[in-house]
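Below is one structure, written out as structure tokens; the observations come after it.
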Amino acid sequence: MGDRETSNHSEVTDFILVGFKVHPEFHILLFLFFLLVYAMILLGNVGMMVIIITDPRLNTPMYFFLGNLSFVDLFYSSVIAPKAMSNFWSESKSISYAGCVTQLFLFDLFIVSEGFLLAVMAYDRFIAICNPLLYSVQMSTHLCVQFVAGSYFFGCISSVIETIMTFTLSFCASRNIDHFYCDERPLLRISCSDLYIPNMVSFFLCTIIILPTIIVITVSYIYIVSTVLKIRSTEGRKKVFTCSSHLGVVSVLYGAIIFMYVIPDRFPELSKVASLCYTLVTPMLNPLIYSLRNKDVKEALRKILGKNLFLFISILTENRIK
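Read in order, the letters of the sequence shown are residues 237 to 558 in my numbering.
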């Protein structure tokens with residue numbers, strides 16, 4: 237039996253990404269939706285990184301974390317969106333075995349890193365708002381770098397375990413992955429190996445990753461909101477609204493992830509819709525919610541646009557003189 241499974245496993249050279257089971261005429265609408273959202277992701281997150289890197293006033297822990305969040309959002313959406321868009325026009329919809337391994341590894345790496353980064357950012361805001369006098373001491377540069385490095389480290393460890401565990405299984409049932417990218421659960425569905433250990437390991441990883449980060453985020457924002465509500469001013473009300481916006485995005489992200497990886501896998505089509513929330517929607521919303529509502533970021537953006545406009549006018553003037 238083992239030899240037969242090994243043989244079947246070795247014969248798999250590519251997979252078919254089934255994608256969304258809709259009428260072919262709707263593929264153009266899905267393509268346009270993916271294209272529009274991905275363009276906004278590129279514009280928002282690349283723009284945020286450029287603003288944070290180029291403006292010395294944004295050299296603070298909060299913007300250091302925001303820059304890394306934009307980096308993570310940009311890359312894990314880029315792992316998914318371009319291949320999904322190309323498959324809307326492809327008849328074969330195939331992805332190579334190596335491509336599938338790479339996609340699963342990178343996606344797991346960045347999505348887990350994002351969870352830890354969101355927890356770190358919530359803790360950062362808790363210190364800044366609830367203990368402002370101790371902020372510069374508690375959120376030192378060295379500690380911030382350690383927080384970010386730890387986020388990527390835990391993301392990498394989780395990704396390595398998930399990828400190795402998934403691709404040591406035998407895929408003799410089918411080559412068709414009922415999803416628009418290579419994800420763990422759709423791959424487990426087409427495996428003919430015993431899934432007890434993979435399911436237990438996956439549940440354990442989800443528990444030790446999702447539960448602590450949710451606790452940190454929830455407790456931090458409870459303290460933040462209770463502190464901000466004591467501020468009887470317009471600025472206080474703005475902070476409450478901003479906090480609720482942050483929590484809204486985090487709730488969408490974690491709600492979709494819990495639906496995908498914790499709740500029993502019974503609704504494949506709903507899982508695809510849930511996947512859209514954290515592969516495309518939250519990477520698009522994060523620059524708007526976390527950053528572009530901030531007056532420091534707006535001022536830095538106006539400064540950059542002003543310089544570019546001045547440079548453009550100068551070039552035009554020189555050309556006319558010549």
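Backbone N, C-alpha and C define an ideal beta-carbon position, used for all residues, glycine too.
For this session: Compare the C-alpha of residue 400 against each of 341, 298, 463, 386 and name the closest.
Result: 341
Exercise. How about residue 398 and residue 349: are their beta carbons less than 9 angstroms apart?
Worked result: no
Problem set entry | Own chain, CB closer than 6 angstroms to residue 504, minus 5 neighbours either side, in chain order | 414
Exercise. How many Å lie between residue 508 and residue 372 at the Cα?
Worked result: 43 angstroms
Exercise. So what's residue 323 in DSSP terms, helix, strand or just coil?
Worked result: helix
Exercise. What did DSSP end up calling residue 248 once you bin it into helix, strand or coil?
Worked result: coil
For this session: Using a threshold of 9 angstroms, state whether the C-beta atoms of residue 526 and residue 302 are closer than that.
Result: yes
Problem set entry | Pairwise C-alpha distance: residue 374 and residue 337 | 40 angstroms
For this session: Pull up the DSSP beta-bridge partners for residue 253, would you.
Result: 413
Exercise. Between residue 251 and residue 315, what straight-line distance do the alpha-carbon atoms span, to the nearest angstrom?
Worked result: 16 angstroms
For this session: Check the DSSP bridge columns for residue 331 and list the partner residues they point to.
Result: 251
For this session: Look at residue 417 and residue 307 and say whether their C-beta atoms are less than 9 angstroms apart.
Result: No, they are not a contact pair.
For this session: Go ahead and label residue 323 buried or exposed: buried means 16 or more other beta carbons lie within 10 angstroms of its beta carbon, across all protein chains shown.
Result: buried
Problem set entry | Start-end ranges of the beta strand (DSSP E) lying completely within the stretch 421-446, minimum 3 residues | none
Problem set entry | Cβ separation of residue 317 and residue 516, assumed to be a contact under 8 angstroms, to the nearest whole Å | 7 angstroms
Exercise. When DSSP labels each residue in this structure, what does residue 404 get in the three-state scheme?
Worked result: coil
Exercise. What residues in its chain sit with their C-beta under 6 angstroms from that of residue 497, if we drop five residues either side in the sequence?
Worked result: 442
Exercise. First and last residue of the alpha helix (DSSP H) that includes residue 284?
Worked result: 263-290
Exercise. Helix, strand or coil: how does DSSP classify residue 502 here?
Worked result: coil
For this session: Take residue 402 and list the residues in its own chain whose beta-carbon comes closer than 6 angstroms to its own, dropping the five residues that flank it on each side.
Result: 420, 423
For this session: Please name the residue, chosen from 524, 539, 494, that lies closest to residue 280 on a Cα-to-Cα basis.
Result: Put simply, of 524, 539, 494 the residue whose alpha carbon is nearest the alpha carbon of residue 280 is 524.
Exercise. Just curious, the alpha helix (DSSP H) that residue 258 is in, first and last residue?
Worked result: Premise fails: residue 258 is in no alpha helix (DSSP H) and is neither H nor E.
Problem set entry | Endpoints, the alpha helix (DSSP H) within which residue 518 is located | 518-522
Problem set entry | Option nearest residue 332 by Cα separation, candidates 383, 460, 428, 248 | 248
For this session: Indicate whether residue 407 and residue 392 have their beta-carbon atoms separated by less than 9 angstroms.
Result: no
For this session: Would you tell me roughly how many angstroms separate the C-alpha atoms of residue 262 and residue 271, rounded to the nearest one?
Result: 14 angstroms
For this session: Helix, strand or coil for residue 466, going by three-state DSSP, please let me know.
Result: coil
For this session: Check each candidate in 291, 286, 354, 292 and name the one with the smallest Cα separation from residue 456.
Result: Nearest C-alpha to residue 456: 354.
Exercise. Tell me which same chain residues have a C-beta within less than 8 angstroms of the C-beta of residue 305, skipping the five on either side of it?
Worked result: 350, 353, 354, 357, 522, 526
Exercise. Near residue 513, which residues of its chain fall below 6 angstroms by C-beta distance, leaving aside the five closest residues on each side in sequence?
Worked result: 488, 492
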